[in-house]
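Take a look at the structure below.
There are 4 protein chains.
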Amino acid sequence: MRVTVWNEHVHERREPSVRKIYPEGMHAPILDGIRRVLGEDVTVRVATLEAAEHGLSDEALAETDVLTWWGHAAHDQVRDEVVERVHARVLDGMGIVVLHSGHYSKIFKRLMGTSCSLIWRSDPGGEREIVWTVNPAHPIAAGVPQPFVIPHQEMYGEFFDIPPPDELVFISSFEGGEVFRGGCCYNRGAGRVFYFSPGDQEYPVYHQAEVQRVIANAVAWCGGRSEPNDRPSARRGNAPRNWYM
Amino acid sequence: MRVTVWNEHVHERREPSVRKIYPEGMHAPILDGIRRVLGEDVTVRVATLEAAEHGLSDEALAETDVLTWWGHAAHDQVRDEVVERVHARVLDGMGIVVLHSGHYSKIFKRLMGTSCSLIWRSDPGGEREIVWTVNPAHPIAAGVPQPFVIPHQEMYGEFFDIPPPDELVFISSFEGGEVFRGGCCYNRGAGRVFYFSPGDQEYPVYHQAEVQRVIANAVAWCGGRSEPNDRPSARRGNAPRNWYM
Amino acid sequence: MRVTVWNEHVHERREPSVRKIYPEGMHAPILDGIRRVLGEDVTVRVATLEAAEHGLSDEALAETDVLTWWGHAAHDQVRDEVVERVHARVLDGMGIVVLHSGHYSKIFKRLMGTSCSLIWRSDPGGEREIVWTVNPAHPIAAGVPQPFVIPHQEMYGEFFDIPPPDELVFISSFEGGEVFRGGCCYNRGAGRVFYFSPGDQEYPVYHQAEVQRVIANAVAWCGGRSEPNDRPSARRGNAPRNWYM
Amino acid sequence: MRVTVWNEHVHERREPSVRKIYPEGMHAPILDGIRRVLGEDVTVRVATLEAAEHGLSDEALAETDVLTWWGHAAHDQVRDEVVERVHARVLDGMGIVVLHSGHYSKIFKRLMGTSCSLIWRSDPGGEREIVWTVNPAHPIAAGVPQPFVIPHQEMYGEFFDIPPPDELVFISSFEGGEVFRGGCCYNRGAGRVFYFSPGDQEYPVYHQAEVQRVIANAVAWCGGRSEPNDRPSARRGNAPRNWYM
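Residue numbers (the numbering used here), protein chains in the order written: chain A, 7 to 251; chain B, 7 to 251; chain C, 7 to 251; chain D, 7 to 251.
Structure (structure tokens):
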């Protein structure tokens, strides 16, 4: 499985508080976690906003089975033609794992068809998030403690304006009493989408083993189809009688 | 619409603490709420465990469009043939609204096919429950504040061993940090099922206007089909070619 | 309930074969069916492509609870700002019933987030379509025969590139052996979407009573929420602790 | 992965027409297909009705990750305590693939909570079934032609009285015009269920490569969780505050 970890990579370069937590970029622990959990089964590369075509050329996407996406401050700087390209590639069978503030990325809104709005709270120091599994039969929950605690996080709360998930895996509670559907699966065309709400750039969430495990499981789930049987490129439009015989 | 409010009616008679909250039985405010919200559109009767056939004879069920169910201490005293009768009637088009500890009733477990287990906590005084709407387009959420607070409740937490709801309407959080899928819709055969997790007999939950509104909405939703097009009694088994022409 | 029947109204004016079937426009029998089934409960108006703002101004949409949509030859002539307006209004609580070739309309693709492609066959004379109910508990199936036959139709077949429906109500088979998920429900934001695949402009499908019944049921289902509890305009973004108390 | 192929094994022994198609039992090609597709990843054993405890003792189930089930003539001879044991094991994390007439088996009805009735037609010679993928992103569809044709089959038609599938993968059409949701996924507790409607004992359906591929894919999907995070045996009931810290 070939994975591309995409990171906006803006906060880490301009804000000392973030750089202190993620000196090598937020993509570094995300990539490390995928490698640690999935091992020999994956090759992982990094792509960022400032690369040519954001590191998401046709060739790069053709060689990507699963893309992970973290963005926040610079959603608007992602070029529309790249968004359309990623969108087409997902429908053609590529998996995508969208993280935290990526809920407002162009690609996630494009795939969901809704506003993807939510309520949030950025108190200094954050607040405790508890992540509960509500679908223990799902492979993305494999090996994930029930529940697990993220000591400090930004609150994300309902109503989260997404399509009802095809499969809901995790629900979070926050110290302030809010709840959030934070682990959501979607099948779209020949591809798969997973949204996972942890974590904010101000907290060391991606260094946490449980979070890394979920992301790695999600990569495995999203990339689990080696032989799609029905991709856009192979579909016919106008179909004569008995074309399938 | 013809509604039967079924109440085990055990706690209220033997425990002063419960009788104080529900002097006329827990069914009284449930029934009052349904009448207040749905008005002229409904006729409501009460049935309890100690009635002949628990008040759920073939005749009674034939004249019931929606049944609400509260039980707790005496699940085992509900006779199996009555459970099978209610089950068949649901598949034939009757709606059923199962409340709180009814998650462990024979009829709910029969309909769900799972253990329906959950985690719970009965601290004296209970704890604050906050009910969040995660599907604002659903008629059961109509007119329900986002969110609403139940000051004192027994905690019900995940993992709740139910089939993934066909439609998830409400998720609750509790002071202790747990979450719970507390408003769940199911289509089963020609009938509809709604599970709603508030409230425990130790607290005045069913006197609360928001809770009454949800129950009334659920009754309306479960009973919303006046002309089922496909009921067990009308179905054929062995079907010759072109039977439908 | 206030309904707007939107019709592209192109084929009927330029093609005699279509005008013969729909001398007053395809919107005429659609409107008649809604009125006949829903009666006093609805007011219905018609809007077409050539009207100013396609008859879908802010004011018109504000006074519309449910919009029905038929388009085919002129999808591209629908202005993008109108599409965005309709999209926002759906998320704000308006229902939308998308018909047949409307699967490729800008608004449906925008709401679904997928390509909405399918396979089709336009043999002269069409072929027999049989519509099967797979969710008899659903209000959209109320009073609809199981199954019903459309004698002549254009074939629409799988794979239909839509999100898995939140509720699947009808599946069609065609003489040529293809199947199609032709009755699909979605909850999006505070609004509801129903897609119904009959019927092509070359056949008198919208004059058929069963088809009219489904469309009227869908209008009732999509417009069933009189008091949305959570609409975009009422939502907060940044939320202080205990804002809900 | 450890697989148990369960076969009632009644028709093959008493009916020459069936024995001719399946001289070594229907389990033989099912087992062969699983081994051929999944190779080194699986060990497969066979269990039949006439074995002690139907070959499904506590020990046998504890060593089974996925169970496949074919039964028809002798559903009633399966002992209730074995059914309860299998049911508990599924909720505890074992996968189960239920085939064709297994829709009326005790275990499937127990898991579904519905009647599982359907319409059928057993014309001599059967009729052509075409299997369409409606979820190409699903791993059970991997490598399966879109569509594939089963030349001779018993007709199974809607309404099929099952819970709406958590994921619908295949829909079949039949020569007679009926449709059938023939590939259905369910998550139940910590376990997974797949129902696949081909094939009847009178036709060589299980010798067909596409059918074997689907069954093997389903075994892989149902058994895909090596580390369930939340199983009945590990769950607590009454939970003190902060038990998870």
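Each residue gets a CB set at the ideal place from its N, CA and C atoms; glycine is no exception.
Remember, predicted model here, so these are calculated numbers, not experimental data.
- In the structure shown, residue 178 of chain C adopts extended strand secondary structure according to DSSP, grouped into three states.
- Contact annotation: residue 32 of chain D and residue 73 of chain D have beta-carbon atoms that are not nearer than 8 Å.
- Residue state for residue 100 of chain C is assigned as coil, using DSSP reduced to three classes.
- Taking the beta carbon of residue 245 of chain B as reference, the chain D residues within 9 Å of it are 125, 126, 127, 161, 163, 182, 184, listed in sequence order.
- For residue 53 of chain C, the three-state secondary structure derived from DSSP is strand.
- In this structure, the CA atom of residue 167 of chain A is about 20 Å from the CA atom of residue 82 of chain A.
- Ranking C:195, C:165, C:177 by CA distance to the CA of residue 242 of chain A puts C:165 first.
- A straight-line Cα-Cα distance of about 25 Å links residue 67 of chain A and residue 122 of chain A.
- In this structure, DSSP gives residue 227 of chain B a helical state, which the three-state scheme calls helix.
- DSSP places residue 161 of chain A inside the beta strand (DSSP E), whose first and last residues are 161–163.
- Against residue 93 of chain D, chain A offers no close residue; the least beta-carbon distance is about 14 Å (beta-carbon pairs closer than 8 Å).
- If you compare the alpha carbons of A:13, A:21, A:39 with that of residue 217 of chain A, the shortest gap goes to A:39.
- Residues of chain A with a Cβ closer than 7 Å to the Cβ of residue 214 of chain B do not exist, since the nearest Cβ in that chain sits about 17 Å away.
- Inclusion of residue 162 of chain A and residue 186 of chain A in the CB contact set at 8 Å is warranted, their separation being smaller than that value.
- Residue state for residue 37 of chain B is assigned as helix, using DSSP reduced to three classes.
- Between the alpha carbons of residue 154 of chain A and residue 137 of chain A lies a gap of roughly 5 Å.
- Where residue 67 of chain A is concerned, the enclosing alpha helix (DSSP H) starts and stops at 64–68.
- For residue 249 of chain D, the closest alpha carbon among the candidates B:230, B:140, B:197, B:125 is that of B:125.
- Burial check for residue 115 of chain A: the Cβ neighbour count within 10 Å reaches 16 or more, so the residue is buried.
- Counted as a single uninterrupted DSSP element, the alpha helix (DSSP H) harbouring residue 114 of chain D occupies residues 112–118.
- A straight-line Cα-Cα distance of about 20 Å links residue 48 of chain A and residue 105 of chain A.
- For residue 24 of chain A, the uninterrupted alpha helix (DSSP H) segment begins and ends at 22–27.
- For the segment 187–203 of chain B, residues whose beta-carbon sits nearer than 7 Å to a beta-carbon of chain A comprise 187.
- When the alpha-carbon of residue 135 of chain C is set against those of C:144, C:142, C:159, the nearest one is in C:159.
- Contact between the segment 138–147 of chain B and the segment 178–196 of chain C is present: 3 or more CB-CB pairs across the two stretches fall below 8 Å.
- Counting only Cβ-Cβ distances below 8 Å, residue 118 of chain B has contacts in chain D at 119, in chain order.
- Comparing alpha carbon positions, the residue from B:177, B:131, B:36, B:224 closest to residue 76 of chain B is B:36.
- Here the alpha carbons of residue 237 of chain B and residue 97 of chain B stand approximately 8 Å from one another.
- DSSP places residue 135 of chain B inside the beta strand (DSSP E), whose first and last residues are 133–139.
- Inter-residue distance for residue 157 of chain A and residue 112 of chain C is about 44 Å (C-alpha atoms, whole angstroms).
- Per DSSP, the unbroken beta strand (DSSP E) holding residue 185 of chain A starts and ends at 185–194.
- Boundaries for residue 247 of chain D: no beta strand (DSSP E) harbours it, and the DSSP string shows neither H nor E there.
- Rounded to the nearest angstrom, the gap between the Cα atoms of residue 9 of chain C and residue 120 of chain B is 42 Å.
- Proximity to residue 129 of chain B across B:92, B:94, B:208 peaks at B:208, based on C-alpha coordinates.
- Using beta-carbon distances, residue 169 of chain D does not count as an interface residue toward chain C, since no partner is under 8 Å.
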